[in-house]
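Each position in the sequence shown, counted from 1, maps to that position plus 4 in this note's numbering. Virtual Cβ for every residue (Gly too), placed ideally from N, Cα, C.
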Amino acid sequence: MNEKLKQIERFHGHLGPYVVLGYKMGEIANQMLGSCPFSKNVVVWTGMKPPVSCIIDGIQMSSGCTLGKGNISVNSDGIPKARFSNSDGKYVEIALKTSVKHEIDNTLTEKNMTSFSKQLFQRSNQKLFNIS
């Protein structure tokens, strides 16, 4: 298994699609807004109910925005979407494509969770997210 995936699994407790997607969201934010975790903030619309809330762990791990630092806030909408901003006023909004959410909802099982999550990790960001 890829070293990043091993780290995600250790941090979160298992390898699932939403933690992987959250990790990728944080990576996109770092590329677009810089990697300093103290100059970014993020609002996440997942709510606190798994499995979609697992995005939060992935975001914390890759972006460095954490609940402890107070630079992540969670809205209770149950939507796999995050809006990152930096101290320069730039922002990026990243939302999971409806087709990918549908695929997760209709094909994910306990038996294929790890392999499915690995496959999502390998997909391009353009195939997974709407980025604006």
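ask   = By Cβ distance below 8 Å, which residues in the same chain neighbour Ser57 in space, the five residues on each side in sequence not counted?
value = Tyr22, Thr50, Gly51 and Val78
According to the neighbour-count rule (16 or more other Cβ atoms, all chains shown, within 10 Å of its Cβ), is Phe42 buried or exposed?
exposed
- request: Indicate the three-state DSSP secondary structure (helix, strand or coil) for Val24 in the structure shown.
  value: helix
_Along the chain, where does the beta strand (DSSP E) containing Ile76 start, and where does it finish?_
Ile76 to Val78
query = Do Met36 and Ile63 have their C-beta atoms closer together than 8 Å?
reply = no
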